[in-house]
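As structure tokens, the structure follows; a few thoughts come after it.
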Amino acid sequence: DDGCLEYFLDEYHTVEKENEQSAFKRGGDYWKLVTQTNHYDMELYFYALELFTKQGSTMFKRPYVDKDGVPIDFIQVKKERLERERLQREEAIKRYRNELIAKLNGTSTNHAGGGE
């Protein structure tokens, strides 16, 4: 009996552990949910990761590389991020402006119709 119980518990915990590891795989559904929910925490995490990489590179005279060994140009990465953010802000401004114009056009039409 003890052997069966131990076997069951070992198998159950092994399956649970495998499920936990695969559930939070980078790029997976849970990963995306966590990163969206904790946007600013993730920004801090990536900043810390970048800083850690830069310090390690400086201290140990190693080039900045990603997990595939491709050199990272952090200046270019920052430029690209800033450009994406700028484009997002411009899109938001355009949407807001168009909504405002639509509201004003609706309001001005009502006033013009009422005065005639």
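Counting from 20, one number per residue, gives the positions in the sequence shown under this note's numbering. Even glycine gets a Cβ: it sits at the ideal position worked out from N, Cα and C.
From the options, residue whose alpha carbon lies closest to that of residue i
i	options	result
I91	R103, Y49 and L68	L68
G70	F93, D60 and T54	Here residue 70 is Leu; the residue named in the question, Gly, does not match the sequence. Nearest of F93, D60 and T54 to L70, Cα basis: F93.
Cβ neighbour criterion (16 or more within 10 Å) applied to residue i
i	result
H58	exposed
Residue i, DSSP secondary structure in three states
i	result
V53	helix
V89	coil
Distance between beta carbons of residue j and residue i, contact taken as under 8 Å
i	j	result
Y83	K73	7 Å
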